[in-house]
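Just so you know, the sequence shown maps onto residues -15 to -1, 1 to 173 in mature numbering (1 follows the signal peptide of the UniProt record, and there is no 0). Each residue gets a CB set at the ideal place from its N, CA and C atoms; glycine is no exception. In this text the structure is predicted, and so the values were computed from the model without any measurement.
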Amino acid sequence: MQLIMALFYLPLVAARCRTVKFFKEEGVALQNHVIKTVTDSNPISCGWQCADTPLCFSMNVRRLPNGWVTCELNNSSRTADPRDLISSPGSHYYEPAEVEHCTAEQCVYKEGKNVISRWLLDGSDVDISLFNEARYEEDIDSEKALYLDGLYAYATTPAVNFVTDSFTLASWVKLQSPVKDPSTIFGY
């Protein structure tokens, strides 16, 4: 199978003159991450659906025999989950070329402004304390990450003095399997 990958310029223009560009890869689709399926007569509508859905990081598009298209909006991308990109004749995989909400690889190396403190949680942080089976494990990409197994595993960081009126606390959590019993992943 020959994979064709190109910057596919799909102009999506609205009243605010917003344009969205996608990378296109033919003959493949991302599996296990579909959050919404839409059937439409116009493939451009798929792009708008993805652009207007905050958790859409990519989409699979397949033309139906009646000429319409099926759009599968994904909450992940080939960047974040390359093992889930599968051969799918007749499908086209699209990933936004410019994203407002970014994937792990796109955001990880950007430096923030006015950062009080940060921890990579990859085993290199000397001031992180692990408790109750919390540990660092390598993922499938051979990158170390903090692994919290069970209800009582946790890690602590040094206290941070928030001297401003507002602040942002950001975290990224990747589940290894679907959640059977919901529980709190952050507490104060």
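Local conformation of I(-12) per DSSP, three classes:
Residue numbering aside, residue -12 sits at position 4 when the sequence shown is read from its first letter. Here the model assigns I(-12) a pLDDT of 40, short of 50, so the residue's position is not dependable, and the following value carries that caveat. Coil at I(-12), not helix or strand.
Between which two residues does the beta strand (DSSP E) harbouring P81 extend?
Here residue 81 refers to the residue found at position 96 of the sequence shown. Residues L70 to P81.
At the level of alpha carbons, what is the spacing between A119 and Y139?
Sequence index remark: in the sequence shown, residue 119 carries index 134 (1-based). Sequence index remark: in the sequence shown, residue 139 carries index 154 (1-based). Distance between the alpha carbons of A119 and Y139 is about 6 Å.
Which of helix, strand or coil DSSP assigns to S127:
Position 142 of the sequence shown, counted from the first residue, corresponds to residue 127. Three-state DSSP puts S127 in coil, outside helix and strand.
According to the neighbour-count rule (16 or more other Cβ atoms, all chains shown, within 10 Å of its Cβ), is residue 180 buried or exposed?
Nothing can be reported for residue 180, as the shown portion of the chain is limited to -15 through 173.
Roughly how many whole angstroms lie between the Cα atoms of L115 and W104?
Mapped onto the sequence shown, residue 115 falls at position 130. Mapped onto the sequence shown, residue 104 falls at position 119. The alpha-carbon atoms of L115 and W104 are separated by roughly 13 Å.
Spatial distance of L106 from S76 (CA atoms):
Position 121 of the sequence shown, counting from 1, holds the residue named residue 106. Position 91 of the sequence shown, counting from 1, holds the residue named residue 76. Approximately 37 Å between the Cα atoms of the pair.
Quick one: using the 10 Å Cβ neighbour count with 16 as the cut-off for buried, is P39 buried or exposed?
As a first step, residue 39 must be located in the sequence shown, where it is residue number 54. That one is exposed.
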